[in-house]
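Since the structure comes first, as structure tokens, the remarks are kept for the end.
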Amino acid sequence: MRTPKAPLLLLCVWWCCCGLAMVAAESGGTQPKEHSDSTDLHSSSSSACTCACPSDIHAALREMSVLIGEQRAELRSAKTQIAALEARLGASESQVEQIRKDSQKGRVAFSVSLETTSSGHTGPFNTGTTLVFKQVFSNVGNGYNANTGFFTAPVRGVYEFSFVLHSAGSSVTTLGTLRRNRQTVVSVYSTQGSHHNNASNGASMLLEQGDVVDVFMPENKRVFDNQHHYTTFRGHLLFHVEAAASSTK
5 MRTPKAPLLL
15 LCVWWCCCGL
25 AMVAAESGGT
35 QPKEHSDSTD
45 LHSSSSSACT
55 CACPSDIHAA
65 LREMSVLIGE
75 QRAELRSAKT
85 QIAALEARLG
95 ASESQVEQIR
105 KDSQKGRVAF
115 SVSLETTSSG
125 HTGPFNTGTT
135 LVFKQVFSNV
145 GNGYNANTGF
155 FTAPVRGVYE
165 FSFVLHSAGS
175 SVTTLGTLRR
185 NRQTVVSVYS
195 TQGSHHNNAS
205 NGASMLLEQG
215 DVVDVFMPEN
225 KRVFDNQHHY
235 TTFRGHLLFH
245 VEAAASSTK
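Mapping of the sequence shown onto the numbering used here: residues 5 to 253, in sequence order.
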């Protein structure tokens, strides 16, 4: 940015003109005749200075006007840059807030077991039933309901589920299915006449908000669990998926 020199120049020009004018006024009409030539010379110089002053002032004013215009342009440019920076800052704050919201949405996980401290078989029943896992190890996001055995997806996204069913030395078959919205996704099967055995399976699936997942045991089947928690069910959100925007024709 240029330093405005016009005010200093204007002051110097004004001081010079005033000084010469005072000298001319004091010497006018009182000088001896023998100094008339010198007086004429001073008068000519004073007149020349007096005539030169207006043009110098106008030049200084023009320079000041140019400098003021440049400063106004620089000020407008600075305001534009500040506005752009404020807009970028606002966009960054919005992105940070969206990331925070997404991270909050991504906190969904649960891990449960069929029994708490008791030991024994569940089933067989005359009709199929949803296994209600009573022992809750974790339930981040409160998606799992320990009263019904259902997990309800709190957000749209891809989830991973796995389950383990334990059979304890019985001729009755252990069979269970992982279901989404009461439709079979994957199943496990185990039968042991005199030994213990674990059967496990799992799947990753896209769930809409409100979809339900459970472990279902068909009729005439049973499963074993005790305080060591052999029969388990768990799941968590892998990543959130935004709903596709509807297209308009």
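We put the CB at the ideal spot given by N, CA and C, even for glycine. Predicted, not measured: the structure shown is a model, and the values here were computed from it.
- Query: Buried or exposed: phenylalanine 129, going by 16 or more other Cβ atoms within 10 Å of its Cβ?
  - Reply: Position 125 of the sequence shown holds residue 129. Exposed is the call here.
- Which first and last residues belong to the beta strand (DSSP E) in which aspartate 229 is found? Here the question's residue 229 lines up with position 225 in the sequence shown. Start and end: 227 to 229.
- Item | glycine 145 to glycine 239 span [Cα, whole Å] | Along the sequence shown, read from residue 1 onward, the residue named residue 145 stands at position 141. Along the sequence shown, read from residue 1 onward, the residue named residue 239 stands at position 235. Whole-angstrom Cα-Cα distance: 12 Å.
- Query: What's the C-alpha gap between isoleucine 153 and threonine 134?
  - Reply: Residue numbering aside, residue 153 sits at position 149 when the sequence shown is read from its first letter. Residue numbering aside, residue 134 sits at position 130 when the sequence shown is read from its first letter. Note on identity: in this sequence residue 153 is glycine, with isoleucine being the wrong assignment. Going from the Cα of glycine 153 to the Cα of threonine 134 covers about 7 Å.
- Would you mind listing the beta strand (DSSP E) stretches within the stretch 105 to 140 that are 3+ residues and don't spill past its ends, in chain order? 113 to 117 and 124 to 126
- Query: Would DSSP call arginine 160 helix, strand or coil?
  - Reply: Translated into the one-based positions of the sequence shown, residue 160 becomes position 156. Three-state result, arginine 160: coil.
- Looking at the structure shown, is glycine 145 part of a helix, part of a strand, or coil, going by DSSP? To locate residue 145, count along the sequence shown from 1; it is residue 141. The answer is coil: DSSP assigns glycine 145 none of H, G, I, E or B.
- Message: Check this for me: beta carbons of glutamine 139 and serine 123, under 8 Å apart or not?
- Response: Here the question's residue 139 lines up with position 135 in the sequence shown. Here the question's residue 123 lines up with position 119 in the sequence shown. For glutamine 139 and serine 123, no; Cβs fall outside 8 Å.
- Classify phenylalanine 141 as buried or exposed, calling it buried when 16 or more other Cβ atoms lie within 10 Å of its own Cβ. Residue 141 sits at position 137 when you count from the first residue of the sequence shown. Phenylalanine 141 is exposed by the Cβ-count criterion.
- Answer yes if the stretch 209 to 221 comes into contact with the stretch 74 to 94, meaning at least three C-beta pairs across the two stretches below 8 Å, and no otherwise. no
- With a CB to CB cut of under 8 Å and the five nearest residues on each side skipped, what residues in its chain are close to tyrosine 193? As a first step, residue 193 is located in the sequence shown; it is residue number 189 there, counting from the start. The answer, listed in chain order, is Thr177, Thr178, Leu179 and Ala203.
- Item | Rounded straight-line distance, which links the Cα of arginine 111 to that of glutamate 78 | The residue labelled residue 78 in the question sits at position 74 within the sequence shown. The residue labelled residue 111 in the question sits at position 107 within the sequence shown. Computed Cα separation, rounded: 50 Å.
- With a cut-off of 8 Å on the beta carbons, I'd call arginine 160 and valine 100 a contact; round off their distance for me. Position 156 of the sequence shown, counted from the start, is the residue given in the question as residue 160. Position 96 of the sequence shown, counted from the start, is the residue given in the question as residue 100. With a Cβ gap of about 22 Å, arginine 160 and valine 100 do not count as contacting.
- Item | phenylalanine 167 vs phenylalanine 114 beta-carbon contact at 8 Å | In the sequence shown, counting from the first residue as 1, residue 167 sits at position 163. In the sequence shown, counting from the first residue as 1, residue 114 sits at position 110. No, these two residues do not count as a Cβ contact at 8 Å.
- Ends of the beta strand (DSSP E) at threonine 236? Walking along the sequence shown from the start, residue 236 turns up at place 232. From DSSP, the beta strand (DSSP E) with threonine 236 extends over 236 to 244.
- Message: With H, G and I counted as helix, E and B as strand and the rest as coil, what does DSSP make of arginine 186?
- Response: Residue mapping note: residue 186 aligns to position 182 of the sequence shown, counting from 1. If DSSP states are grouped into helix, strand and coil, arginine 186 belongs with coil.
- Task: Run the CB neighbour count on serine 51, radius 10 Å, all protein chains shown included, and call it buried at 16 or more, exposed below.
- Result: Here residue 51 is taken as the residue at index 47 of the sequence shown, counted from 1. In this predicted model, serine 51 has a pLDDT of only 48, less than 50, meaning its place in the structure is not dependable; the value taken from the coordinates is given anyway. Exposed, by the Cβ-count rule.
- Item | Residue span of the beta strand (DSSP E) that contains phenylalanine 154, given as start and end | Walking along the sequence shown from the start, residue 154 turns up at place 150. Careful: phenylalanine 154 lies outside any beta strand (DSSP E) and carries neither H nor E.
- Message: If I measure Cβ to Cβ from leucine 242 and keep anything under 8 Å in the same chain, skipping five residues before and after, which residues do I get?
- Response: What you label residue 242 is simply residue 238 of the sequence shown in a count that begins at 1. Closer than 8 Å at the Cβ level, and outside the excluded window around leucine 242, lie Gly161, Val162, Tyr163, Glu164 and Ser208.
- Query: Name the DSSP bridge partner or partners of asparagine 215?
  - Reply: Locating residue 215 in the sequence shown gives position 211, where the first residue counts as 1. Per the sequence presented here, residue 215 reads as aspartate, with asparagine not at that position. Aspartate 215 pairs with nothing; no bridge assigned.
- Message: Run through the DSSP bridge pairs and tell me what alanine 207 is partnered with.
- Response: Along the sequence shown, read from residue 1 onward, the residue named residue 207 stands at position 203. Alanine 207 is bridged to Phe165.
- Query: Excluding the five sequence neighbours on either side, which residues of its own chain have a C-beta within less than 6 Å of the C-beta of threonine 120, listed in chain order?
  - Reply: The residue given as residue 120 occupies position 116 in the sequence shown. For threonine 120, where only same-chain residues beyond five positions count, the Cβ hits under 6 Å are Lys138 and Gln139.
- Message: Is the beta carbon of alanine 172 closer than 8 Å to that of phenylalanine 237?
- Response: Looking up residue 237 in the sequence shown gives position 233. Looking up residue 172 in the sequence shown gives position 168. Result no, Cβ atoms of phenylalanine 237 and alanine 172 do not sit closer than 8 Å.
- Item | Cβ neighbours of alanine 247 in the same chain (closer than 7 Å, five flanking residues each side left out) | Sequence index remark: in the sequence shown, residue 247 carries index 243 (1-based). Closer than 7 Å at the Cβ level, and outside the excluded window around alanine 247, lie Arg160.
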